[in-house]
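Student: Residue numbers (mature numbering (1 follows the signal peptide of the UniProt record, and there is no 0)): -21 to -1, 1 to 773.
Cβ coordinates follow ideal geometry from the N, Cα and C atoms, glycine included.
Small disclaimer: the values here were computed from a predicted structure and weren't measured.
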C-alpha cells in the first residue's frame, strides 16, 4: 500500500530547494541530476518501487527526484539503477546524495519492518550496454556495496505542515576503479525516502604554471591517501635546472585536488632570459652563457654578438680568449715587446733587465722567456748572423729561470769568455699562443775575458824536512791562457807569509823548517787578472829524525824541481806564450772528472773557515767586496741585531741599477772582538753563491760606521710571515718554500759546514715566496769524521 502523504511532502520539497549546487574548480562532474533537463531514464525493479518525479523550482528550472515509500508492506526490495557513467581518466569517484527520509514512528500503522536507511551499490561496466548489466541483486557479485546510507535528520508529518524540511547530504567515495565506467544502484528495503539530487564527480588538480614549468590537469589518486607525481614540462627555450630530479621539475597532486611538494624548476637556456614567465631571446649585442643566469648581459670589451639568442660573444679581430678564460670575460691581445732592454757584461755573466711592455694586452698573466744563441760572427747581414748562431746548450745557467719569468730581469751565467751571444727577451701572456705572435726584444753582447775560477784540488807529491812539492789541477774555467800560478804559504805557528810563482801546475817550496806545519793556497792568473785563492790546505815537513834522504839529496831534489820550473817558464815564454804544463785535452778531461763528481769524491771542501785566519780582517778582504759608503742610502730601521741595528735602504753601484738592500750596522763603542765577530759572518756569506742562500752585496769597513750589506727580503722572517698569513697558502706554495730551504741546506752541506742555528726565524722570504737561509753567526766547518758531533744552544 502506497503512502500518498509522502508524495505531497516530496513535491513541496522541490519548490523549497530553490538553487542548484555550485561545483568547485577542483571538482569535475560526471553526473548531476540537478542540471539535467530531460528525464533521466533510470530503471526501477520492480516497476512499482522507485518512482521518478519532476518539479520546477522557483527559477523555473526542472528538478528530478526519485522516491519510494512502501513502508506498510513487509519484505521490500526495491532497486533503482542509474544510467551508464563514464569515468574518463578518474580512478576515484565521489558520490554526493541529497535526500529526505521520514521517521518511521511518525507513520501510523507502520509495521516493524519499516527502515530509516537505504543501500548504495555500484557495477563496473565497459560501456553503455544495458544487456551487460545483470538484474539488481545483493547476491550478484558484480554489484559491489558502497555503504548503507542513514539520515542525520528525518522529518515527520508535523514538519511538513510547518514547512520545516530536513535535507540530508552524504558523500561516499568509490576508489581504485579500473573499468571505463560504472552504474549506481540504490536499494530500498522498506524506507520512506526521496532522492532529491545525485551527483557523481572526481577531484582534480587544475592545470598550473609554476615559473617556467607547466603542469597539466591531473585527476587525484585512486584512494584518499594517494599522491600522484606529475612531471612538469618546461616552457619553450627553457630546460630543467641541474641534473636533479630526473626528468625535470615535478609536483604531486593530492586527493583533495591540491598541488603539493614542488621539486625542481625550469630555467631559460643559454641565449634566452626569463621575462614574465617566458624565455625570450637575447638581443644582438647581448649574451647569456649559463642557464642559471637570470638576464642577458651586454658583450664585454672587444667582443660582439651579431645575432639574437647568443650564448657567447665573438672576439674582435686581433683579440682572443685563452683556453681557460671564462666566456664572459673581455677579449684580450698579446703584449707588445719589452722595452729598454739593458745588458751588463761581467766576465762570463750577463745581467739583463728591461721595462715591461707598453701594452700588456689587457691581461695580468704577463711573463717573459729568454732565448740564448751563441754566434760565431756578429758582422754581416742579419741573415748571415742568424746562420752563424746556434743554441747555447744546457750548460748556461739562468737565475731565477729562463721561462715563465715574472720579474723584468735575469742573470745569465756560465757563458764562455770572448764569445758572441744573442739574447732575445719575449713577453708572453695567455693569448700569445693563439695569436702566433712573438713580442721579442733582442740584444747582442760579447763576453769579457774573465779571471780564472778557483783551484779546487791541491795534493802533496813529496815532503822532506825542509822542502814540500805541491801539484794541483788547473781551474775548471781558465777563461783564457794561464800565465802563472801564485802559491801563498805560511808557517802555521809563526804566521810568517811568503809567495812563490810557478808557470807549471806544480811547485817545490824549499827553505822550510823541519817538523813544521804550513798552510798553502794557490790561485791562477791570466791577462784578465788573478782568480780567487783556493781553500787552505795543511802539510807538514818531516822532522830531522824522520828524514830518509840525505841533506845533499834533499837539496838536489828541490834544486832540480826549481830548475825544471824555471826552464819551463823560459821555454813557454819563448814559444810565444803557448800553454805550458797540462794540455787543453788534459784540462777538458779534468773538467769532465770534476763535473762527474770524481773530485768531490775525495772529500775536498770548497768552504774556508774565516776563523782559521790569524787576522780576521784579512778574511774579510779576501772574500767580501768593499763598498763605498756614498753608494748606500739608509732609509729606515727595520729591526735590531746582536751587534746593532738592521736597516733597509738602497745601493747604487756603477753600471748597475739601484737595488733594495738590508744593512746591518755595528753599534758605536764596540770592542775589537765584537767587530771581528760581526765581520766574520760577512766572510762566510761572501763564499756562498746559491739562490736559496742570502746574498752578500758587500761590506763597509773603511768608515766610522761598519756595515754588512745584503739583498733585501721583502717578507721578512719565515716564522712571522707564516703567522700573519696563516691559512692563506696552497699546498704547492708551502712545498715550494720547503724545497727552497732544503736546496739551501743541501748547498751548505756540499760546501762542508754545519749551520747550527736553522730555524724559521733565520729563514728570510722574498716577494716571490723564495726562502733563503740566513744568519751564519753560529756556522762552523763540517768535520768529515764519522764520529764527529755538534751541539748548539737554543
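Using only alpha-carbon positions, find the residue among 77, 85, 102, 74 that is nearest to residue 60.
Tutor: Residue 102 is the option with its Cα nearest to residue 60.
Student: Which whole-angstrom value describes the C-beta separation of residue 92 and residue 53, a residue pair presumed to lie in contact below a C-beta threshold of 8 Å?
Tutor: Residue 92 to residue 53, Cβ: 4 Å. Contact.
Student: Measuring alpha carbon to alpha carbon, tell me which of 338, 453, 66, 135 ends up nearest residue 85.
Tutor: Closest by alpha carbon: 135.
Student: Rounded to whole angstroms, what's the CA-CA distance from residue 33 to residue 16? Just pull it up for me.
Tutor: Distance between the alpha carbons of residue 33 and residue 16 is about 10 Å.
Student: Pick from 284, 172, 410, 307: whose alpha carbon is nearest that of residue 269?
Tutor: Of the candidates 284, 172, 410, 307, the one whose C-alpha sits nearest the C-alpha of residue 269 is 307.
Student: Using a 10 Å radius around the Cβ and a threshold of 16 neighbouring Cβ atoms, would you call residue 1 buried or exposed?
Tutor: Residue placement at residue 1 cannot be trusted, given a pLDDT of 47 that sits under 50; what the coordinates show is reported in the next sentence. Burial call: exposed.
Student: Tell me which same chain residues have a C-beta within less than 6 Å of the C-beta of residue 456, skipping the five on either side of it?
Tutor: For residue 456, where only same-chain residues beyond five positions count, the Cβ hits under 6 Å are 432.
Student: So, under 8 Å CB-CB, residue 465 and residue 509 are touching, yes? Tell me the CB distance rounded to an integer number of Å.
Tutor: 7 Å between Cβ atoms; contact.
Student: Helix, strand or coil for residue 657 per DSSP?
Tutor: Residue 657: helix per DSSP, three-state reduction.
Student: Of the choices 39, 20, 38, whose alpha-carbon is the least far from that of residue 30?
Tutor: Looking at the Cα atoms, 20 is the closest of the given residues.
Student: Look at the alpha carbon of residue 266 and the alpha carbon of residue 216, and state the distance between them as a whole number of angstroms.
Tutor: In a straight line, the C-alpha of residue 266 is about 15 Å away from that of residue 216.
Student: Assuming residue 716 is part of the alpha helix (DSSP H), what are its boundary residues?
Tutor: Counting along the chain, the alpha helix (DSSP H) containing residue 716 begins and ends at 710 to 730.
Student: In chain order, what residues of the same chain have a beta carbon less than 8 Å from the beta carbon of residue 593, not counting five sequence neighbours either side?
Tutor: Within the same chain, residue 593 has close Cβ partners 474.
Student: Tell me whether the beta-carbon of residue 285 lies closer than 8 Å to the beta-carbon of residue 263.
Tutor: Result yes, Cβ atoms of residue 285 and residue 263 sit closer than 8 Å.
Student: Specify, as a first and last residue, the run of the alpha helix (DSSP H) that residue 599 falls within.
Tutor: Run containing residue 599: 595 to 602, per the alpha helix (DSSP H) assignment.
Student: Based on DSSP bridge pairs, tell me the residues matched to residue 469.
Tutor: In DSSP, residue 469 forms a bridge with 476, 498.
Student: Would the beta-carbon of residue 741 fall within 8 Å of that of residue 728?
Tutor: Going by C-beta atoms, residue 741 is not nearer than 8 Å to residue 728.
Student: Within the same chain, show all residues whose beta-carbon is closer than 6 Å to that of residue 463, passing over the 5 residues directly before and after it, in chain order.
Tutor: 480, 482, 504, listed in sequence order.
Student: Considering only their Cβ atoms, is the gap separating residue 657 from residue 625 smaller than 8 Å?
Tutor: Against a cut-off of 8 Å, the Cβ pair of residue 657 and residue 625 comes out as no contact.
Student: Would residue 235 pass as a contact of residue 159 if the rule is Cβ separation under 8 Å?
Tutor: Not closer than 8 Å, so no.
Student: Sort out for me which residues DSSP pairs residue 463 with in a bridge.
Tutor: Bridge partners of residue 463: 504.
Student: Just curious, the beta strand (DSSP E) that residue 782 is in, first and last residue?
Tutor: The displayed coordinates of the chain run from -21 to 773. Any statement about residue 782 would go beyond what the structure contains.
Student: When you compare the region 309 to 326 with the region 364 to 379, are there three or more beta-carbon pairs, one atom per stretch, that lie closer than 8 Å?
Tutor: Flag = no, the region 309 to 326 and the region 364 to 379 do not touch.
Student: Going along the chain, which residues of its own chain have a beta-carbon closer than 8 Å to the beta-carbon of residue 755, five neighbours each way excluded?
Tutor: Excluding sequence neighbours, residue 755 sits near 660, 663, 664, 734.
Student: Does the region 674 to 684 come close enough to the region 604 to 624 to have 3 or more Cβ pairs within less than 8 Å?
Tutor: With a cut-off of 8 Å, the region 604 to 624 and the region 674 to 684 count as touching, because enough Cβ pairs lie within range.
Student: Would you mind reading off the limits of the beta strand (DSSP E) that contains residue 76?
Tutor: Element bounds for residue 76: 72 to 80.
Student: Taking its Cβ as the centre, do 16 or more other Cβ atoms sit within 10 Å of residue 35, making it buried, or is it exposed?
Tutor: Classification of residue 35: exposed, given that the 10 Å Cβ count is below 16.
Student: For residue 122 versus residue 9, is the C-beta spacing smaller than 8 Å?
Tutor: Cβ atoms of residue 122 and residue 9: not closer than 8 Å.
Student: Contact defined as beta carbons within less than 8 Å: I believe residue 407 pairs with residue 346. What is the distance between those atoms, to the nearest angstrom?
Tutor: 5 Å between Cβ atoms; contact.
Student: Say the cut is 7 Å; is the CB of residue 724 nearer than that to a heavy atom of the ligand ADP?
Tutor: Ligands in the displayed structure: none, and consequently the ligand ADP is not present.
Student: Do you know whose CA, among 445, 623, 628, lies nearest residue 614's CA?
Tutor: When each option's Cα is compared against that of residue 614, the closest is 628.
Student: Please classify residue 741: does DSSP put it in a helix, a strand, or coil?
Tutor: Three-state DSSP puts residue 741 in a helix.
Student: Below 7 Å CB to CB, which residues in the same chain sit around residue 518 once its five sequence neighbours on both sides are set aside?
Tutor: The answer, listed in chain order, is 439, 442, 447, 497, 499.
Student: Beta carbon of residue 220, beta carbon of residue 271: below 8 Å?
Tutor: The answer is yes: Cβ separation under 8 Å.
Student: How many whole angstroms separate the CB atoms of residue 390 and residue 371, which I take to be in contact at a CB cut-off of 8 Å?
Tutor: In fact, because the Cβ distance is near 14 Å, the residues do not count as touching under 8 Å.
Student: Considering only residues of the same chain and omitting the five flanking positions on each side of residue 494, which have a CB-CB separation below 6 Å?
Tutor: Here the set comprises 522.
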